[in-house]
Amino acid sequence: MITAIGTPVLLNEIKHIQAEAVGGDIDGSVIKNKVKASLIIERYTGIYTMDNTTAEFIVTSRLTEFVPILFKAMNETGEDQEFKYRQSTLFRYFDFLDKDQAIAILYGQLLSDDLTLAQFKIISKAISSSNLIDYDQVEKLLAGSLLAKKAALKVLSLDKDWYSAQDIAYLQTWKGEGLVQLFPEVVTVKESKGMFSSGKEVWECLCGYSNKLDATVCSSCTKDKRGFGSEELKPEAVQKLINRRLDVIEGI
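Here the sequence shown is numbered in this note's numbering, starting from 28 and rising by one per residue.
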């Protein structure tokens, strides 16, 4: 199923809050909350038009109907304190969900074709702060887009509270340099067609800017040939961490 903003929702992974029926009767509070939710969704135009009471209702409702507008809110920007407070309040929504439900929703968006950089940053932070580490989902991310792979790196850098035998076996599949090899150069080398530089080879960055062949980073977006910025978490750093983590585990 595709939601109103194009977010893929896996029905077999996300547990919807169901109304309890006893002898044909339905809990009235469930109906009341779902009616209220439908009105909020219908009227939603942005964080600035929402009051704090509505934001708190969304956060504590645990209703999956709100997921599309939450991902939409991740793309909104504002500088004043009211906006920042309300936005941060909204994203506490995932703290109130069942862990498996939160994992399915957040990782599902990281794997979607319409994932934005803003969503990537906020979702990665939510996974980290709530320790929503799932190596099965990480495996899917590593087979996805460059942005999805970067999200996988962030998850792999996190420490788990407990490591099962299955977790350790998964980490062992990345021992050595295997993880680094998943991040090759993503630029295109081509012949320049400029008036004064025709015939010279250049590399075209993902941002579309053409750079001299010996340049190590893009002169426009400053990312390297693998698509990483100078401050981003690199696969080499995560690889070293995994190797060190495995050395410790093997010594226990």
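Ideal Cβ positions, reconstructed from N, Cα and C, are used throughout, including at glycine.
Beta-carbon proximity list for residue i, same chain, < 6 Å, skipping 5 on both sides
i: LEU173; result: GLY254
i: SER237; result: VAL229, GLU231
Close beta carbons around residue i, own chain, < 7 Å, minus the five adjacent residues each side
i: ASP122; result: SER157
i: LEU183; result: VAL165, VAL265, ILE269
i: ILE154; result: LEU133, VAL182
i: TYR197; result: TYR162
i: SER151; result: ALA178, LYS181
i: GLU212; result: LYS252, ARG253
i: THR215; result: TRP230, GLU231
Beta-carbon spacing of residue i, residue j below 8 Å
i: TYR120; j: GLN164; result: no
i: ILE276; j: ILE195; result: yes
i: LEU138; j: LYS167; result: yes
i: LEU142; j: ARG89; result: no
i: GLN199; j: LEU273; result: yes
i: LEU280; j: LYS126; result: Nothing can be reported for residue 280, as the shown portion of the chain is limited to 28 through 279.
i: ARG113; j: ASN60; result: no
i: GLU263; j: VAL207; result: yes
DSSP state of residue i mapped onto helix, strand, coil
i: SER155; result: helix
i: THR116; result: helix
i: SER247; result: coil
i: SER191; result: coil
i: ASN102; result: coil
i: ASP284; result: For the chain, the structure presents residues 28 to 279; residue 284 sits outside this window and is missing.
i: LYS261; result: coil
i: THR81; result: helix
i: THR143; result: coil
i: ILE269; result: helix
i: ILE279; result: coil
Cβ distance (whole Å) where residue i is taken to contact residue j below 8 Å
i: ILE132; j: ILE96; result: Their Cβ separation, rounded to whole angstroms, is 13 Å, which puts ILE132 and ILE96 out of contact at 8 Å.
i: VAL86; j: LEU117; result: 6 Å
i: GLN146; j: GLN136; result: 6 Å
i: GLU92; j: ALA64; result: 5 Å
Contact test: residue i Cβ vs the ligand PLP heavy atom, cutoff 7 Å
i: LEU168; result: With respect to small molecules bound, the structure shown includes none, and the ligand PLP cannot be examined in it.
Same chain, Cβ closer than 8 Å to residue i, five either side skipped, listed in chain order
i: LYS250; result: CYS232, LEU233, CYS234, VAL244, GLY256
Contact the region 66-75 vs the region 92-109: 3+ CB pairs below 8 Å:
yes
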